[in-house]
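Numbering (my numbering), first residue to last: 1 to 127.
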């Protein structure tokens, strides 16, 4: 890994925090970015582009979100395995586990929200 590079850009094959392990799919806004799962963001799960300021919030209150080995037949994005809270599951019939594509799966469609990261406060020099 090059100096100054974050885990979401590292491609080391055996690292559990690398782009290879947590990358989900092509960024919806920029050309070269990859949307990468933030494994520490639960229970307000998110994935963020490793090149621009796109942030996707999804699966709020889920117990666990993991990037699956399989990929989507339609868009080639990595599938995501989600384990929802049994009292707050959005899945039909009270089911708590589902694996699917964040972009294509109709079960996940209403659970994904695209945002642009912004700074909370403008930075001003003192004086």
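C-beta atoms are modelled at their ideal positions from N, C-alpha and C, and glycine is treated no differently. Note that the structure is predicted; figures quoted are calculated from it, not measured.
Secondary-structure assignment with DSSP links residue 83 through a beta bridge to 64, 97. In the DSSP annotation of this structure, residue 28 is not part of any beta strand (DSSP E), being labelled neither H nor E. The beta carbon of residue 86 is closer than 6 Å to those of 96 in its chain, skipping five residues each way along the sequence. Nearest in C-alpha terms to residue 115, of all of 65, 22, 29, 25, is 29. In the DSSP assignment, residue 49 falls within the unbroken beta strand (DSSP E) covering 46-49. Taking the Cα of residue 27 as reference, the smallest distance to any Cα among 51, 45, 66 is reached at 51. In terms of CA proximity to residue 104, 76 leads the group 91, 94, 90, 76. When DSSP states are grouped into helix, strand and coil, residue 41 belongs to the coil group. Looking at the DSSP output, residue 35 shares a beta bridge with 25, 49. Here the C-alpha atom of residue 31 lies approximately 12 Å from the C-alpha atom of residue 25.
Residue 47 and residue 112 have their C-alpha atoms some 10 Å from each other.
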